[in-house]
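Colleague: Have a look at this one.
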Amino acid sequence: MAAKKAPKSSQRHEDAHDTSAEYLEAPSPAKHNPFESMLARFDKAAEKLQLDPDVYRILRQPDRELTVSLPVRMDSGRIEVFTGYRVQHNIARGPYKGGIRYAPDVSIDEVRALAAWMTWKCAVVDVPFGGAKGGVICDPLKMSATELERLTRRYTAAIADIIGPDRDVPAPDMNTNEQTMAWLMDTYSMTKRYTVTAVVTGKPVGLGGSKGRRTATGFGVEFVTREALAHWKIAKPQKATVVVQGSGNVGGIAAERFAALGYKVVAISDVNGGIYNPKGLDMAKVMAHLASKRTVAGFGGAQAVTNSQLLELPCDVLVPAAKEDQITAVNADRIQAKLIVEGANGPTAADADAILDRKGVIVLPDILANAGGVTVSYFEWVQDRQGYFWEEDEVNTKLAKMMKAAFYDVVAYQDRYKVSTRIAAYMLGVDRTARFTRLRGLYA
Ligand code: GLU
């Protein structure tokens with residue numbers, strides 16, 4: 003039987019990133035290093051906190067980096083050898099936690115940055131986890147489902163010694179989904195000889211997954227947007243215009259929720275480009291169009307825009323929910339949004355921060371704005387360990403409460419230290435992690 007082709011990216015459940023955004027046009031030819039972007043903000047936060055230099059040196063480096071080579075038999079019968087990583091950044095607050103991404107441009111510096119962001123993110127929402135991230139260099143859009151399954155099983159076997167419910171708990175990220183997590187859980191369980199659901203989150207509901215996990219990141223984006231609009235008196239939700247870059251698990255779900263609650267979503271994109279209607283898009287119809295055509299392009303009554311034009315549209319709220327380094331020193335000055343809510347990890351390069359600050363653009367940074375995903379991952383892990391599962395309402399109510407608390411915790415740091423929301427969020431994440439590091443002290 004011919005191997006079934008992997009579903010098109012628009013139908014997958016990627017996390018914190020939409021679709022295979024490597025095809026998005028970069029606004030700048032300059033190469034940004036995400037780990038350096040992370041460190042630039044970390045250093046500012048550490049300085050403002052007057053962080054103890056010993057703790058500073060500990061938190062600046064990942065605890066452990068594992069590189070694995072993964073021989074996989076392809077459908078053609080040939081063997082291809084892929085490279086995979088798992089970077090464990092910090093364990094002070096609890097087991098390492100963070101997703102796994104599959105993409106051709108995965109690099110160790112990207113995985114390092116993403117791992118550190120998980121440490122700060124988990125601390126910002128105050129879930130008892132540290133930070134980690136995994137990645138495999140591959141082109142999932144060119145691989146069949148059976149090839150992806152073999153790759154996932156081999157990667158899991160290769161990292162099995164360093165993961166586990168009390169060690170390191172992976173989850174979905176770009177180009178991985180509920181099915182990937184089910185394969186990971188099964189492979190890990192086979193090595194243990196019993197079923198271990200809590201080794202990974204983002205699993206299918208019924209297989210140890212949590213209700214509300216799939217929508218958690220997108221809902222979380224809206225929860226913090228709502229607080230920000232009210233707190234800084236930017237606009238009433240029913241009057242706010244919203245532009246969303248990306249239409250997958252983060253952008254698509256956030257846009258649907260925004261529209262359902264009466265915000266006016268004026269533009270949305272996928273990897274190939276976007277659509278714009280200043281009068282507002284009928285999001286239910288856009289999502290139906292996307293599901294059948296696998297692109298937002300060609301949606302009636304809207305004008306086509308490129309992904310970089312989309313970022314510069316007039317709006318109250320801009321939600322970059324695709325991938326890193328979309329807003330840089332090159333285009334930051336042209337951003338017209340009043341509020342940027344980072345659905346993706348690292349969509350703003352560090353060289354854009356000062357420009358946005360000067361323009362008075364408020365940024366809800368990734369480590370706050372997209373933390374809904376890992377928050378419900380935490381709920382999933384708790385449910386797996388209890389063997390008792392919650393209703394969707396309960397999940398969403400608890401999520402809303404935690405996102406709101408995190409938002410006001412960030413605002414408190416901002417007010418106290420007179421810094422941008424991004425640096426305030428870093429300060430909160432670093433401060434909470436540093437506190438645990440000091441309390442635990444050094445082993446040996
Ligand atoms: N990949 C998601 C993120 O970047 C979710 C991580 C998780 O649930 O562990 O936040």
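Just so we're aligned: the sequence shown equals residues 3 to 446 in the numbering used here.
By construction, the Cβ of each residue, glycine as well, lies at the ideal position given by its N, Cα and C atoms.
These numbers come from a predicted model, not from an experiment.
(1) Report all residues from its chain with a CB closer than 8 Å to the CB of K213; omit the five preceding and five following residues, and keep chain order.
(2) What are the boundary residues of the beta strand (DSSP E) that D170 is part of?
(3) State yes or no: is the C-beta of F37 within less than 9 Å of the C-beta of E112?
(4) Can you tell me the Cβ-Cβ gap for A334 and L358, rounded? I've got them flagged as a contact below 8 Å.
(5) Cβ of L116 within 8 Å of any heavy atom in ligand 1?
(6) Would the beta-carbon of V129 fall within 9 Å of that of M429?
(7) For T330, tell me which candidate among A115, G282, P349 and Q181 has the shortest Cα-Cα distance.
(8) Let me make sure I understand the geometry here. Which of P174, M285 and V126 has the alpha-carbon closest to that of A426?
(9) Does Q305 pass the burial test, meaning 16 or more other C-beta atoms within 10 Å, or should it be called exposed?
(10) Please classify L143 as buried or exposed, where buried requires at least 16 other C-beta atoms within 10 Å of its C-beta.
(11) Using only the alpha-carbon positions, how far apart do R66 and L283 sit?
(12) Can you tell me which of the three DSSP states G133 falls into?
(13) Need the endpoints of the alpha helix (DSSP H) that A159 sits in, please.
(14) Have a look at Q385 and P280 and give me their C-alpha separation to the nearest angstrom.
(15) Answer with buried or exposed for H91, where buried requires no fewer than 16 other C-beta atoms within 10 angstroms of its C-beta.
(16) If you check the beta carbons only, do A184 and T219 fall under 9 Å apart?
(17) Distance check for I364 and Q181, CA to CA, integer angstroms please.
(18) Can you check which of these residues, P97, S422 and G250, is closest to D355 by C-alpha distance?
(19) Give the single residue among T193, T178 and N177 whose Cα lies nearest to the Cα of I161.
(20) Does any heavy atom of ligand 1 sit closer than 8 Å to the C-beta of A373?
(21) Please tell me whether V244 and T227 are closer than 9 Å, where the distance is taken between their beta carbons.
(22) Out of curiosity, what's the CA-to-CA distance linking C1 and Q388?
(23) I102 by DSSP, collapsed to three states: which one?
(24) Quick one: is W1 buried, meaning 16 or more other Cβ sit within 10 Å of its Cβ, or exposed?
Modeller: This is what the structure holds:
(1) Looking up residue 213 in the sequence shown gives position 211. Non-local beta-carbon contacts of K213 in its own chain, meaning distances under 8 Å to residues more than five positions away in sequence, involve V207, F391, W392, E393, E394 and V397 in chain order.
(2) On the sequence shown, position 168 is the one that residue 170 refers to. Start and end: D170 to P174.
(3) Against the sequence shown, residue 37 aligns to sequence position 35. Against the sequence shown, residue 112 aligns to sequence position 110. Cβ atoms of F37 and E112: closer than 9 Å.
(4) Residue numbering aside, residue 334 sits at position 332 when the sequence shown is read from its first letter. Residue numbering aside, residue 358 sits at position 356 when the sequence shown is read from its first letter. About 5 Å separates the two Cβ atoms, so the contact holds.
(5) By one-based count along the sequence shown, residue 116 stands at place 114. The answer is yes for L116.
(6) Here residue 129 refers to the residue found at position 127 when the sequence shown is read from its first residue. Here residue 429 refers to the residue found at position 427 when the sequence shown is read from its first residue. Not closer than 9 Å, so no.
(7) Here residue 330 refers to the residue found at position 328 when the sequence shown is read from its first residue. Per the Cα distances, P349.
(8) Here residue 426 refers to the residue found at position 424 when the sequence shown is read from its first residue. The shortest Cα separation from A426 among P174, M285 and V126 belongs to V126.
(9) In the sequence shown, counting from the first residue as 1, residue 305 sits at position 303. By the Cβ neighbour-count rule, Q305 is exposed, with fewer than 16 other Cβ atoms within 10 Å of its own.
(10) Here residue 143 refers to the residue found at position 141 when the sequence shown is read from its first residue. Per the 10 Å Cβ criterion, buried.
(11) Position 64 of the sequence shown, counting from 1, holds the residue named residue 66. Position 281 of the sequence shown, counting from 1, holds the residue named residue 283. About 46 Å.
(12) Taking the first residue of the sequence shown as 1, we reach residue 133 at position 131. When DSSP states are grouped into helix, strand and coil, G133 belongs to the strand group.
(13) Taking the sequence shown and counting its residues from 1, one reaches residue 159 at position 157. Run containing A159: A147 to I161, per the alpha helix (DSSP H) assignment.
(14) By 1-based counting over the sequence shown, the position of residue 385 is 383. By 1-based counting over the sequence shown, the position of residue 280 is 278. When rounded, the distance between both Cα atoms is 43 Å.
(15) For the purposes of this step, residue 91 is taken as residue 89 along the sequence shown, with counting starting at 1. Buried, because 16 or more other Cβ atoms sit within 10 Å of the Cβ of H91.
(16) Position 182 of the sequence shown, counting from 1, holds the residue named residue 184. Position 217 of the sequence shown, counting from 1, holds the residue named residue 219. A184 is not a Cβ neighbour of T219, given a cutoff of 9 Å.
(17) Numbered from 1 along the sequence shown, position 179 holds the residue referred to as residue 181. Numbered from 1 along the sequence shown, position 362 holds the residue referred to as residue 364. Looking at the two C-alpha atoms, the distance is approximately 37 Å.
(18) Locating residue 355 in the sequence shown gives position 353, counting from the first residue. Closest option to D355, Cα to Cα, is S422.
(19) Along the sequence shown, one-based indexing puts residue 161 at 159. It is T193 whose Cα lies nearest to the Cα of I161.
(20) As a working note, residue 373 is residue 371 in the sequence shown. Checking every heavy atom of ligand 1 against the Cβ of A373, one is found closer than 8 Å.
(21) Along the sequence shown, read from residue 1 onward, the residue named residue 244 stands at position 242. Along the sequence shown, read from residue 1 onward, the residue named residue 227 stands at position 225. For the pair V244 and T227, the CB atoms are nearer than the 9 Å cut-off.
(22) The structure shown does not extend to residue 1, since the chain is modelled only from 3 through 446, so no value can be given for it.
(23) Within the sequence shown, residue 102 is the residue found at index 100, counting from 1. Strand.
(24) The question about residue 1 has no answer here: the residues shown for the chain are numbered 3 through 446.
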